[in-house]
Amino acid sequence: MRGKIAACIGTVPSQYVTISPARQRLSVVKNGDVGASYPVSTSRFGIGNREGSFMTPPGVHRIAEKIGDGARPGTVFRDRLDTGEVWDGRARADNLILTRILRLEGLEDGINRGPGIGSFERYIYIHGTDKEESIGTPISHGCVCMRNADVIALYNTVEVGTIVVID
Numbered sequence: 010m011r012g013k014i015a016a017c018i019g020t021v022p023s024q025y026v027t028i029s030p031a032r033q034r035l036s037v038v039k040n041g042d043v044g045a046s047y048p049v050s051t052s053r054f055g056i057g058n059r060e061g062s063f064m065t066p067p068g069v070h071r072i073a074e075k076i077g078d079g080a081r082p083g084t085v086f087r088d089r090l091d092t093g094e095v096w097d098g099r100a101r102a103d104n105l106i107l108t109r110i111l112r113l114e115g116l117e118d119g120i121n122r123g124p125g126i127g128s129f130e131r132y133i134y135i136h137g138t139d140k141e142e143s144i145g146t147p148i149s150h151g152c153v154c155m156r157n158a159d160v161i162a163l164y165n166t167v168e169v170g171t172i173v174v175i176d
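Counting in the working numbering, the sequence shown tops out at residue 176, every number present.
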């Protein structure tokens with residue numbers, strides 16, 4: 010993992026995030042040691058990079074935006090905007106984007122950056138979900154879904170620019 014990051018950005022930061030679709034796990038690595046680790050849900054369509062594929066993109070990313078500072082747990086977001094609605098605890102047919110959003114930007118040309126494959130342009134996020142009971146199983150349409158309490162903890166740990174590797 011460290012080699013992949015160094016090859017992409019020229020150095021290895023003291024803190025970065027790894028996401029394992031095979032294990033449905035997100036880990037925060039600090040000074041070479043795994044700190045916090047959370048179950049997640051990646052795409053039910055698998056790993057891939059094409060726009061419209063609804064797949065979770067592989068490779069080295071960075072957190073480009075943090076959205077939801079101070080929002081109540083369960084806040085519903087649409088188009089990255091707080092709707093003023095707070096989730097009532099019941100799962101819905103549509104996959105809600107809740108609580109916090111960490112928007113990802115791909116850093117690897119031809120893998121997750123470029124026409125038709127850019128993670129930023131595909132609106133790939135790490136976010137809270139109304140499908141908390143399914144966390145640990147691939148259920149998303151490309152994003153990385155987390156339990157709402159977990160996404161708040163992660164949000165408070167990372168900064169814009171933090172490296173995220175999906176591998």
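Note that the Cβ used here is the ideal one computed from N, Cα and C, for glycine as well.
From a predicted model like this one, the values you see are computed outputs, not experimental measurements.
Under 7 Å Cβ to Cβ from K75, same chain only, skipping five residues before and after it: list those, please. Taking the first residue of the sequence shown as position 1, residue 75 is located at position 66. Around K75: L111, Y164, V169.
- Item | Cβ-Cβ separation, V174 to M10 (assumed contact under 8 Å), whole Å | Taking the first residue of the sequence shown as position 1, residue 10 is located at position 1. Taking the first residue of the sequence shown as position 1, residue 174 is located at position 165. Indeed, because the Cβ distance is near 6 Å, the residues count as touching under 8 Å.
| said: Between Y132, V153, S128, which has its C-alpha nearest K140's C-alpha? | reply: Within the sequence shown, the letter at position 131 stands for residue 140. Per the Cα distances, V153.
Point to revise | Range covered by the beta strand (DSSP E) that runs through R11 | key: Working through the sequence shown from its first residue, we reach residue 11 at position 2. Per DSSP, R11 belongs to no beta strand (DSSP E); it is in the alpha helix (DSSP H), 11 to 18.
Practice item. Just the C-alpha distance for P82 and R122, rounded to the nearest angstrom, thanks. Key: Here residue 82 corresponds to residue number 73 of the sequence shown, with the count starting at 1. Here residue 122 corresponds to residue number 113 of the sequence shown, with the count starting at 1. Spanning the two alpha carbons is a distance of roughly 31 Å.
With distances taken from CA atoms, which of H136, G151, E114, R156 is nearest S143?
Taking the first residue of the sequence shown as position 1, residue 143 is located at position 134. When only C-alpha atoms are compared, the closest one is R156.
- Task: Enumerate in chain order the residues of its own chain whose CB-to-CB distance from T92 is below 6 Å, with the five nearest sequence positions on each side excluded.
- Result: Taking the first residue of the sequence shown as position 1, residue 92 is located at position 83. Excluding sequence neighbours, T92 sits near V85.
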